[in-house]
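One structure is given below, encoded as structure tokens.
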Amino acid sequence: MDEVKQLVTDIKNKNLKPIYFLMGEEPYYIDKISDFIENTVLAEEERGFNQMVLYGRDVTVEDIVSNAKRYPMMAEYQVVIVKEAQDLSRTIEKLAPYTENPQPTTVLVVNYKYKKIDKRKALYKTLKKTGVIYESKKLYENQVADWIRRVLSPKNYSISPKAAQMLVEFLGTDLSKINNELEKLQIILPKGTQISPEHIEENIGISKDYNNFELRKAIGERNTIKAYQIINYFAENPKDNPMVVTVSLLFNFFSQLLHFHGLSDKSPRNVASALKINPYFVNEYIAAARHYPMRKVSMVVSTLRDFDVKSKGVGANAVSQGDLLKELLVRILSN
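Our numbering applies: residue 1 is where the sequence shown begins, and numbers increase by one.
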């Protein structure tokens with residue numbers, strides 16, 4: 001995120017590079033940087049003659065180079081943006097000769113999503129010398145809640161740990177989807193608001209009481225009644241609560257619990273650091289460890305592996321996901 005801020009600052013200050021090669025698994029920042037260049041470098045009246053958007057599936061590398069070598073008309077720069085450039089992955093190395101000596105009056109932006117170019121080859125090496133390479137890496141699940149807080153903070157919003165966790169568990173690590181929901185909330189809620197689980201439930205439709213976060217907590221506390229209430233809700237709403245997601249999240253929880261048991265230093269600060277969790281949730285792990293000794297945790301992890309396979313239809317074709325979840329819960333909560 002700091003690297004993105006620096007890039008944006010440089011572009012605002014007209015400290016421009018002739019090539020921006022934006023690549024990597026996470027498309028959110030690739031789109032953000034590309035859109036910022038598209039909307040900022042040229043004045044609106046300059047864009048008609050000097051700004052071009054190409055698509056990788058429709059052009060060749062030679063077409064891109066031909067357009068990049070043009071001179072701007074009545075403007076200091078021309079901007080050439082190549083979207084979906086990953087469609088040119090087989091021939092992208094042909095761009096290397098241009099990157100050795102790029103047109104100084106052209107700003108070429110290459111959006112190379114979900115992939116990376118080979119760092120051992122000529123294109124990468126020349127880009128490092130003459131342009132900017134930005135690699136957008138996928139965030140791990142335990143990093144997304146912090147990303148949400150950092151996105152909201154400059155806009156004068158905050159979010160409770162539980163609300164952030166609800167978004168992550170419902171939307172996964174797709175930053176674009178999460179940002180879309182955050183933008184909806186910012187339209188509805190006044191500045192200075194702390195986004196709560198109630199806000200998430202009312203405006204996004206994620207239940208604050210019947211979700212994977214609450215299921216994990218109920219299982220950790222061995223709150224059998226609450227756990228079965230949530231499982232029954234999941235069974236009645238399978239499209240909104242796919243079993244494969246529930247099993248994956250429980251597997252991560254019990255794997256972390258196994259790690260917790262192996263820690264010699266179980267102070268809250270060390271637990272948060274070692275398990276890569278928000279300190280707000282440390283007490284849940286401490287409580288769960290009392291209910292699930294290491295041997296039991298190992299058995300649960302093994303059971304979750306079995307049910308992960310079943311959730312994908314292997315060996316359980318005739319069994320509904322609701323019934324599988326109920327069976328899983330019995331197995332986890334049994335002594």
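The beta carbon of each residue, even a glycine, is placed where N, CA and C say it ideally should be.
Since the structure is predicted, the reported quantities are computational estimates derived from the model, not experimental observations.
Put simply, the backbone Cα of residue 165 is about 17 Å away from that of residue 240.
Measuring C-alpha to C-alpha distances from residue 10 to each of 25, 33, 23, 24 identifies 33 as the nearest. Contact between the stretch 90-107 and the stretch 14-22 is established, with three or more Cβ pairs separated by less than 8 Å. Here DSSP, grouped into helix, strand and coil, assigns residue 158 to strand. Residue 78 places its beta carbon less than 8 Å from that of residue 50. Exclusion of the five residues before and after residue 238 leaves 321 as the residues of its chain whose Cβ lies within less than 6 Å of its Cβ. Residue 197 counts as buried, since at least 16 other C-beta atoms from the protein chains shown sit within 10 angstroms of its C-beta. Runs of the beta strand (DSSP E) spanning 3 or more residues and lying entirely within the stretch 33-96 occur at 51-55, 78-83, in chain order. Per DSSP, residue 188 has no beta-bridge partner at all. Residue 106 places its beta carbon 8 Å or farther from that of residue 60.
The way I'd put it, the stretch 151-163 doesn't touch the stretch 35-48; fewer than three beta-carbon pairs between them come closer than 8 Å. In the DSSP assignment, no residue is bridged to residue 280. Excluding five sequence positions before and after residue 207, the CB atoms of its chain that fall closer than 7 Å to its own CB belong to 201, given in chain order. Residue range 294-311 is occupied by the alpha helix (DSSP H) that includes residue 309. When C-alpha distances from residue 2 are compared across 29, 16, 25, 17, the shortest belongs to 29.
In the same chain as residue 177, and ignoring 5 residues on each side of it, the C-beta atoms closer than 8 Å to its own belong to 171, in chain order. Between residue 141 and residue 116, the C-beta spacing is not below 8 Å. Here DSSP, grouped into helix, strand and coil, assigns residue 195 to strand. DSSP places residue 168 in the helix class (H, G or I) of the three-state scheme.
Under the 10 Å beta carbon count, residue 71 is surrounded by fewer than 16 other beta carbons and is classified as exposed. With contacts defined by Cβ atoms closer than 8 Å, residue 285 and residue 254 do not form a contacting pair. Following the DSSP letters along the chain, one finds residue 126 inside the alpha helix (DSSP H) bounded by residues 122-130. Residue range 106-113 is occupied by the beta strand (DSSP E) that includes residue 109. No Cβ-Cβ contact shorter than 8 Å links residue 275 with residue 246.
In this structure, the CA atom of residue 325 is about 20 Å from the CA atom of residue 288. Scanning its chain for C-beta atoms nearer than 7 Å, with the 5 sequence neighbours on each side dropped, one finds around residue 123 the residues 92, 93, 95, 96, 99, 117, in chain order.
Counting of Cβ neighbours within 10 angstroms places residue 48 among the exposed residues, the total staying below 16.
From the listed residues 314, 175, 307, the smallest Cα separation to residue 329 is found for 307. Beta-bridge partners assigned by DSSP to residue 133: 21. Closest option to residue 218, judged by alpha-carbon separation, among 243, 332, 179: 332. Within the stretch 231-295, the runs of alpha helix (DSSP H) at least 4 residues long that lie entirely inside it are, in chain order, 243-261, 268-275, 282-291. At the C-beta level, residue 278 and residue 145 come within 8 Å of one another. When the five nearest sequence neighbours on each side are left out, the beta carbons in the same chain lying within less than 7 Å of the beta carbon of residue 249 are those of 169, 212, 216, in order along the chain.
Take residue 228, set aside five residues on each side of it, and the residues of its chain with a beta-carbon closer than 7 Å to its own are 329, in chain order.
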